[in-house]
Amino acid sequence: YRYLLGSDDANILSDIPQREGFTLAWEYSHGSQPDVRNDLTTLSSIVCENIIVYPVWTLKAPQITELKSDKTDNLHIYGDNINLSTLATAPNSDVVLSYKWISNDIDAGVDKTQSTLTLENVKPDKTGTYTIEVTASSTTSTSLVSKSTQSINVTVNKKPLGFTWTLPDAVYSGNNKPVVCEYVASDVINGDAITQELNLDTVRNVGDYNFEVSLTGTCAELYEIKSENKKNSITITPFEKEVIWVGSAYT
Numbered sequence: 277y278r279y280l281l282g283s284d285d286a287n288i289l290s291d292i293p294q295r296e297g298f299t300l301a302w303e304y305s306h307g308s309q310p311d312v313r314n315d316l317t318t319l320s321s322i323v324c325e326n327i328i329v330y331p332v333w334t335l336k337a338p339q340i341t342e343l344k345s346d347k348t349d350n351l352h353i354y355g356d357n358i359n360l361s362t363l364a365t366a367p368n369s370d371v372v373l374s375y376k377w378i379s380n381d382i383d384a385g386v387d388k389t390q391s392t393l394t395l396e397n398v399k400p401d402k403t404g405t406y407t408i409e410v411t412a413s414s415t416t417s418t419s420l421v422s423k424s425t426q427s428i429n430v431t432v433n434k435k436p437l438g439f440t441w442t443l444p445d446a447v448y449s450g451n452n453k454p455v456v457c458e459y460v461a462s463d464v465i466n467g468d469a470i471t472q473e474l475n476l477d478t479v480r481n482v483g484d485y486n487f488e489v490s491l492t493g494t495c496a497e498l499y500e501i502k503s504e505n506k507k508n509s510i511t512i513t514p515f516e517k518e519v520i521w522v523g524s525a526y527t
C-alpha cells in the first residue's frame, strides 16, 4: 500500500490498524524523487511536497521458548543417544513453522518438519554446539519469512572402561613373573576391538614396581580407563630361607 498525504493527514502513522504478528515501520518518498524511499518517524520532520508514505510490514520472528537435552547438564558418553527437543510459537495463526538443526555449523540433515533431533550411538566427535533454526513462513506469500535461532552445547565423553589386574606372588623366586591386566568385556560396546599396552609386563628382582595400562589405536578415541584401574604396584621381597647352624657350618 501507499498513501498520498494532504496537510491534514498527520495522524495516519498512529491511526492505521495493527496486524497480528507483524511490526510496522514507515518509509516515504516525494514528488521530485518518487523512486527513493527514506525512513519515516514523524511527518512533522519532513519539509517537502507530494509526500507518499509506505507502511512496511515485517513478520515477527517465532519465539523459541525451550531447547533442551534429555541428559542432565547435556553430558553424554560414547554409545548414548542424543535427544534434543525444542518448543516454539508462531507470530500468528496464518504462518507455519519449519525446523533446521545445525551441528558445529553443519546441517544435521534431519527432517525440517521435526522439532526434535535424535542422534544414535554417538561418539565423542559429536561434542559441540547444536543450533535450532526455526523459520516462520506465510502459507499465502513466499516473501513473508522470519527466523529465530537458539543453541545448546552438548558434550560426548569417552566411555569408561574397567580393567582387572592379576599380580604375581610378591616373593623373589629367581624367575620372571608375569603381570596380567585385562579389560572388562561387559564395558565394551559395538564389538569394538580393544588394544592396550603395559609399561611393564614382567617382574623378577627384589624391589618396588609400578604398573600402568594405556589404550592404543582407535579405541583410545572412544574409551577411557577408569581411574581406579589405570595403575597398580607391587613390592618383590627377598626369598627367606631357613638355615640350621652346626658348629661353623649351616645346612
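Residues 277 to 527 (my numbering) make up the sequence shown, in order.
Each residue gets a CB set at the ideal place from its N, CA and C atoms; glycine is no exception.
Cβ neighbour criterion (16 or more within 10 Å) applied to V372: By one-based count along the sequence shown, residue 372 stands at place 96. By the Cβ neighbour-count rule, V372 is exposed, with fewer than 16 other Cβ atoms within 10 Å of its own.
Nearest residue (CA-CA) to E396, options N357, A446 and Y406: For the purposes of this step, residue 396 is taken as the residue at position 120 of the sequence shown. Nearest neighbour of E396 by Cα position, chosen from N357, A446 and Y406, turns out to be N357.
Can you confirm whether the stretch 402–415 touches the stretch 440–454 when touching is taken to mean that 3 or more C-beta pairs between the two stretches lie within less than 8 angstroms? No, the stretch 440–454 does not touch the stretch 402–415.
Taking the alpha carbon of L300 as the reference point, which residue from E497, P331 and I327 has its own alpha carbon closest? Here residue 300 refers to the residue found at position 24 of the sequence shown. Ranking the options by Cα distance to L300, first place goes to P331.
Counting C-beta neighbours from all protein chains within 10 Å, is the total for G483 16 or more, i.e. buried, or is it exposed? Residue mapping note: residue 483 aligns to position 207 of the sequence shown, counting from 1. By the Cβ-count criterion, G483 is exposed, with fewer than 16 other Cβ atoms from all chains shown falling within 10 Å of its own Cβ.
Using the beta-carbon count (16 or more within 10 Å), is T362 buried or exposed? As a working note, residue 362 is residue 86 in the sequence shown. Under this definition T362 is a buried residue.
Taking only the alpha-carbon atoms, compute the straight-line gap between P444 and V455 and give it to the nearest angstrom. Along the sequence shown, one-based indexing puts residue 444 at 168. Along the sequence shown, one-based indexing puts residue 455 at 179. The straight-line gap from Cα to Cα measures roughly 6 angstroms.
Among E497, I510, T392 and L420, nearest to L437 - alpha-carbon criterion: For the purposes of this step, residue 437 is taken as the residue at position 161 of the sequence shown. The option with the nearest alpha carbon to L437 is E497.
Is the separation between the beta-carbon of W377 and that of L351 shorter than 8 angstroms? Here residue 377 is taken as the residue at index 101 of the sequence shown, counted from 1. Here residue 351 is taken as the residue at index 75 of the sequence shown, counted from 1. No, these two residues do not count as a Cβ contact at 8 angstroms.
Closest to T478 by CA distance: which of Y459, P367 and T442 is it? What you label residue 478 is simply residue 202 of the sequence shown in a count that begins at 1. Minimum Cα distance to T478 is reached at T442.
If you compare alpha carbons, which of I501, V398 and Q339 is closest to S374? Taking the sequence shown and counting its residues from 1, the one referred to as residue 374 is at position 98. Ranked by Cα distance from S374, the options I501, V398 and Q339 are led by Q339.
Proximity winner among S490, E342, N481 and Y485, relative to F515 (alpha-carbon distances): Numbered from 1 along the sequence shown, position 239 holds the residue referred to as residue 515. For the residues S490, E342, N481 and Y485, the minimum Cα distance to F515 belongs to N481.
Does the Cβ of P293 have 16 or more other Cβ atoms within 10 Å, making it buried, or fewer, making it exposed? The count along the sequence shown starts at 1 and reaches residue 293 at position 17. Taking a 10 Å sphere around the C-beta of P293, we find fewer than 16 other C-beta atoms and assign the residue as exposed.
Top-ranked residue by Cα proximity to D367, from S391, A337, W521 and N466: By 1-based counting over the sequence shown, the position of residue 367 is 91. First, the residue type needs correcting, since residue 367 is Pro and not Asp in the sequence shown. The residue among S391, A337, W521 and N466 with its C-alpha nearest the C-alpha of P367 is A337.
Member of D370, E409, I327 and C495 whose CA lies at the smallest distance from the CA of D468: Residue numbering aside, residue 468 sits at position 192 when the sequence shown is read from its first letter. With distances taken between Cα atoms, D468 lies closest to C495.
Put G493 into one of helix, strand or coil per three-state DSSP. As a first step, residue 493 must be located in the sequence shown, where it is residue number 217. Residue state for G493 is assigned as helix, using DSSP reduced to three classes.
Beta carbon of V455: closer than 7 angstroms to some heavy atom of the ligand ATP? Ligands in the displayed structure: none, and consequently the ligand ATP is not present.
Taking I353 as the reference, which of D401, D315 and K506 has the closest Cα? Start at 1 with the first residue of the sequence shown, and residue 353 comes out as number 77. Ranking D401, D315 and K506 by Cα distance to I353 puts D401 first.
Three-state secondary structure (DSSP) at E409? What you label residue 409 is simply residue 133 of the sequence shown in a count that begins at 1. Three-state DSSP puts E409 in a strand.
In chain order, what residues of the same chain have a beta carbon less than 7 angstroms from the beta carbon of Q390, not counting five sequence neighbours either side? The count along the sequence shown starts at 1 and reaches residue 390 at position 114. Within the same chain, Y375 come within 7 angstroms of Q390 by CB-CB distance, once the 5 residues on both sides are set aside.
Does the Cβ of L476 have 16 or more other Cβ atoms within 10 Å, making it buried, or fewer, making it exposed? Taking the first residue of the sequence shown as position 1, residue 476 is located at position 200. Answer is exposed; the Cβ neighbour count stays below 16.
For V430 and G404, which I take to be in contact (beta-carbon distance under 8 angstroms), what is that distance rounded to the nearest angstrom? To locate residue 430, count along the sequence shown from 1; it is residue 154. To locate residue 404, count along the sequence shown from 1; it is residue 128. Contact holds; Cβ gap of about 7 angstroms.
Does the beta-carbon of V522 have 16 or more other beta-carbons within 10 angstroms, so that it is buried, or is it exposed? Mapped onto the sequence shown, residue 522 falls at position 246. That one is exposed.
Would DSSP call E516 helix, strand or coil? For the purposes of this step, residue 516 is taken as residue 240 along the sequence shown, with counting starting at 1. It is coil, neither helix nor strand.
With DSSP as the reference, label Y277 as helix, strand or coil. On the sequence shown, residue 277 is found 1 positions in, with the first residue counted as 1. Summary for Y277: the model assigns pLDDT 45, below 50, so the residue's position carries little reliability; its value from the coordinates is reported in the next sentence. Correct three-state label for Y277: coil.
K435 to K399, Cα distance in whole Å? Numbered from 1 along the sequence shown, position 159 holds the residue referred to as residue 435. Numbered from 1 along the sequence shown, position 123 holds the residue referred to as residue 399. One C-alpha to the other measures close to 9 angstroms.
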